[in-house]
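**Student:** Attaching a single structure in structure tokens format; questions to follow.
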Amino acid sequence: MMIDRWISTISLAAILSTASCGTAVIREGDPLWKVPIVSRENCLSIDGNYSGKGLFFRQFDDSSINYSAPKFSTFVRYERRISPLDAKDPREQRKLFDANSFVEVRKISSGMEITLYGGDKLPYEGRRISFDHPNVGCDASGNLVLREFSRVGGAELTPRQAHASEVVFHKLQDGSLEVHRWRRNWIKTMRSPPRKENQVTLIFEPAY
Numbered sequence: 160m161m162i163d164r165w166i167s168t169i170s171l172a173a174i175l176s177t178a179s180c181g182t183a184v185i186r187e188g189d190p191l192w193k194v195p196i197v198s199r200e201n202c203l204s205i206d207g208n209y210s211g212k213g214l215f216f217r218q219f220d221d222s223s224i225n226y227s228a229p230k231f232s233t234f235v236r237y238e239r240r241i242s243p244l245d246a247k248d249p250r251e252q253r254k255l256f257d258a259n260s261f262v263e264v265r266k267i268s269s270g271m272e273i274t275l276y277g278g279d280k281l282p283y284e285g286r287r288i289s290f291d292h293p294n295v296g297c298d299a300s301g302n303l304v305l306r307e308f309s310r311v312g313g314a315e316l317t318p319r320q321a322h323a324s325e326v327v328f329h330k331l332q333d334g335s336l337e338v339h340r341w342r343r344n345w346i347k348t349m350r351s352p353p354r355k356e357n358q359v360t361l362i363f364e365p366a367y
């Protein structure tokens, strides 16, 4: 009887200790979106080929950590690698890839397809964006908006966190693509202002 009581006490202590370490995810609050999504149809076209290589390609990634919801961006696999495992000189292979590489953006029936091409004009990586996803749409001016939201559970020395990110794509008259990205980060709670907030604007020139 004493042993059972001792085991129960230890189990309860372990549960309380685990809870105090912050393993539970942060309670969801207002992500403070800067740009309202007003429509999911007839967004302005951003079709075209763009420079920027991997940096531009990554603007379409969905890095959300939400195990109960699908991502708006899915991978498209190809049979080739940027630096093949059997390449005699991976650095030369990378130079070949970077030379004249570009990213193609095109609208498809269910959304958008983004493809990264190497200097050899062959596709290496792809993404598909679904317009049916709640975090994809158009702002009041018809510009494409992508949103990401994550809640991360803490560990013994890591506090619970939440991250919100939104990206707006605006095509300029010269064919360049202007990309605005806002990021916000909360620690422990979303009931207070973000601990960190920043905005970045990038310009990606057309690739011919």
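One point on numbering: in the working numbering, the residue at position 49 of the sequence shown is 208, and numbering is uninterrupted. Here a beta-carbon is modelled for each residue, glycine too, at the ideal position from N, C-alpha and C.
If you reduce the DSSP assignment to three classes, tell me which class Phe256 lands in.
**Tutor:** Your numbering for residue 256 matches position 97 in the sequence shown. The answer is helix: DSSP assigns Phe256 an H, G or I state.
**Student:** Could you tell me if Asp221 is buried or exposed, where buried requires 16 or more neighbouring beta carbons within 10 angstroms of its beta carbon?
**Tutor:** Position 62 of the sequence shown, counting from 1, holds the residue named residue 221. Asp221 comes out buried.
**Student:** Name the DSSP beta bridge partners of Met271, please?
**Tutor:** For the purposes of this step, residue 271 is identified with residue 112 of the sequence shown, where counting begins at 1. Lys266, Ile288.
**Student:** Mind the definition here: the stretch 183-200 touches the stretch 277-297 only if three or more C-beta pairs lie below 8 Å; say whether that holds.
**Tutor:** In short, these stretches touch, since the Cβ pair count reaches three.
**Student:** Where does Thr233 land, buried or exposed, given buried means 16+ other C-beta within 10 angstroms?
**Tutor:** The sequence position of residue 233 within the sequence shown is 74, counting from 1. It is exposed - the Cβ of Thr233 has fewer than 16 other Cβ atoms within 10 Å.
**Student:** For Arg188, which residues of its own chain have a beta-carbon under 7 Å away from its beta-carbon, when the five flanking residues on both sides are left out?
**Tutor:** Walking along the sequence shown from the start, residue 188 turns up at place 29. Checking the displayed sequence, the identity of residue 188 turns out to be Gly instead of Arg. Once the five neighbours on either side are set aside, the close Cβ partners of Gly188 are Met349, Arg350.
**Student:** Can you name, in chain order, every residue of its own chain whose Cβ lies under 7 Å from the Cβ of Gly278, other than the five neighbours on each side?
**Tutor:** Here residue 278 is taken as the residue at index 119 of the sequence shown, counted from 1. Contacts found: Leu255, Phe256, Asp257, Ala258, Asn259, Ser260.
**Student:** DSSP has Glu356 in a bridge; who is on the other side?
**Tutor:** Locating residue 356 in the sequence shown gives position 197, where the first residue counts as 1. Bridge partners of Glu356: Arg343.
**Student:** Once you ignore the five residues that flank Leu361 on each side, which residues in its own chain have a CB closer than 7 Å to its CB?
**Tutor:** Counted from its first residue, the sequence shown places residue 361 at position 202. Cβ within range, chain order: Val338.
**Student:** Any idea if Phe219 is buried or exposed, counting beta-carbon neighbours within 10 angstroms, 16 or more meaning buried?
**Tutor:** Here residue 219 corresponds to residue number 60 of the sequence shown, with the count starting at 1. The residue is buried, with at least 16 neighbouring Cβ atoms inside 10 Å.
**Student:** Assign Glu325 to buried or exposed, taking buried as 16 or more other Cβ atoms, counted over all protein chains shown, within 10 Å of its Cβ.
**Tutor:** Within the sequence shown, numbered from 1, the residue matching residue 325 stands at position 166. Glu325 should be labelled buried.
**Student:** CB Asp289 to CB Gly270, shorter than 9 Å?
**Tutor:** Indexing the sequence shown from 1 puts residue 289 at position 130. Indexing the sequence shown from 1 puts residue 270 at position 111. The amino acid at residue 289 is misidentified as Asp; the sequence shows Ser. Cβ atoms of Ser289 and Gly270: closer than 9 Å.
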